[in-house]
Amino acid sequence: MRVQKMHPVIGLEILDLDLSNPLPDESFKQIRAGLNEYSLILIRNQNLTEEQHVNFSKRFGNLMTHVLTQYLTTPYPELYVLSNKSINGKPIGNHKEGWNWHSDWSYYEVPCLGSVLYAREVPPEGGDTLFSSMCAAYEALDDNFKKRLLGLEAVHSYVGYFGKAFKDRAPLSDAQRARTPDVTHPIVRTHPETGRKSLYVGEDIISHIIGLEKGESADLLAQLNAHAVSEEFVYRHNWREGDLIIWDNRCTMHCATPYDDQKYFRVMHRATIEGVDRPR
Ligand SMILES: [Fe+2]
13 MRVQKMHPVI
23 GLEILDLDLS
33 NPLPDESFKQ
43 IRAGLNEYSL
53 ILIRNQNLTE
63 EQHVNFSKRF
73 GNLMTHVLTQ
83 YLTTPYPELY
93 VLSNKSINGK
103 PIGNHKEGWN
113 WHSDWSYYEV
123 PCLGSVLYAR
133 EVPPEGGDTL
143 FSSMCAAYEA
153 LDDNFKKRLL
163 GLEAVHSYVG
173 YFGKAFKDRA
183 PLSDAQRART
193 PDVTHPIVRT
203 HPETGRKSLY
213 VGEDIISHII
223 GLEKGESADL
233 LAQLNAHAVS
243 EEFVYRHNWR
253 EGDLIIWDNR
263 CTMHCATPYD
273 DQKYFRVMHR
283 ATIEGVDRPR
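Just so you know, the sequence shown maps onto residues 13 to 292 in this note's numbering.
So, in structure tokens, the structure goes:
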């Protein structure tokens, strides 16, 4: 397979690959190894059915279903839809989702391994996604600061995030809240496959760092989040229809950006790969 690096610290593009054809195990192995080394894989110009998207994603592991079940596709509940489109007055997907820096599903005890996002319809301008290498961000910290972070844990709260991100919506149901209790994760985690350390933070999802005064916790989080998304660690992706991106949520953060949702439609389908271990 022909490949090219996309950015100094994150991202590998695989060229000339058509995922609607059977993918040999050897080729998949190369993609999997590339994901470990570059944290993000881009494959452009795909024309996939929902079934093909799901089947390719399953090569990475079991798939998870989103707690907002109203935005899953039928008959593939493994696909979570991000969109501003409605059919018969009913939104087909979640809109304005992920417009902050986060790792997908960090609010679970065992967060997801990765995400497989496929662009079905994109606006001609806007709607870029930013991706940050949390390994590179961690490695750039000075040793004293790294020591200060060792052992610190933070509370990740989906209920808190939902309240901040979707103030204009009906609150989560009791069943949805029951599926998303607050969880605690270390601020620095070690990648279970590569052994690389990375920051594990996020903007709205973390309520506080355990054991610190409220102000100190907020200041440290703001400092870490700002550092983690410094320009040198961030790749900006301008989507084209048919782009498929797989990223490793164990060592990256990402952030969606707005677009003119009155003028354009955007339809993205995401499969989410189950994690196999708790961050540590
Ligand atoms: Fe996300």
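A virtual CB, placed ideally from N, CA and C, is assigned to each residue, including glycine.
Note that this is a predicted model, so its numbers are computed, not measured.
Alpha carbon to alpha carbon, how far is residue j from residue i? Give it in angstroms, no decimals.
i      : j      : result
Asp140 : Leu161 : 31 Å
Leu94  : Cys124 : 18 Å
Glu49  : Val246 : 16 Å
Gln82  : Asp155 : 46 Å
Asp231 : Gly287 : 30 Å
Glu121 : Arg290 : 6 Å
Leu47  : Val15  : 12 Å
Tyr91  : Arg201 : Tyr is not the amino acid found at residue 91; the sequence shown has Leu there. Whole-angstrom Cα-Cα distance: 28 Å.
Asn261 : Asn237 : 16 Å
Leu211 : Trp259 : 16 Å
Leu80  : Ala283 : 14 Å
Ile257 : Ile55  : 6 Å
Ser127 : Met265 : 11 Å
Lys209 : Ala148 : 9 Å
Ile285 : Cys263 : 14 Å
Arg248 : Ala131 : 15 Å
Lys97  : Glu215 : 27 Å
Leu52  : Ala234 : 25 Å
Trp251 : Pro135 : 8 Å
Ser145 : Lys179 : 30 Å
Thr61  : Met280 : 13 Å
Asp255 : Pro20  : 21 Å
Who pairs with residue i in a beta bridge, going by DSSP?
i      : result
Met76  : Thr284
Leu233 : Bridge partners of Leu233: none, in fact.
Asn106 : Leu94
Gln16  : Glu25
Tyr271 : Paired residues: none, contrary to the question.
Leu54  : Glu25 and Ile257
Tyr247 : Phe143
Pro198 : Glu165
Thr264 : Ser145
Leu84  : Tyr92
Val279 : Ser95 and Glu133
Would you kindly report the start and end of the unbroken alpha helix (DSSP H) that includes residue i?
i      : result
Phe143 : Here Phe143 belongs to no alpha helix (DSSP H); instead the beta strand (DSSP E) covers Thr141 to Ser145.
Ala45  : Asp37 to Tyr50
Ala190 : Asp186 to Arg191
Val171 : Tyr170 to Ala177
The beta strand (DSSP E) that contains residue i, what's its start and end?
i      : result
His220 : Ile218 to Ile221
His114 : No beta strand (DSSP E) contains His114, which DSSP labels as neither H nor E.
Ser210 : Lys209 to Leu211
Ile258 : Leu256 to Asp260
Ser69  : Unbroken run through Ser69 is the alpha helix (DSSP H), Glu62 to Lys70; no beta strand (DSSP E).
Gly126 : Gly126 to Glu133
Using the Cβ count rule (16 or more neighbours within 10 Å means buried), how would you classify residue i?
i      : result
Phe68  : buried
Lys17  : exposed
Phe40  : exposed
Leu27  : exposed
Arg278 : buried
Met76  : buried
Ser169 : buried
Met13  : exposed
Gly23  : buried
Phe143 : buried
Glu63  : exposed
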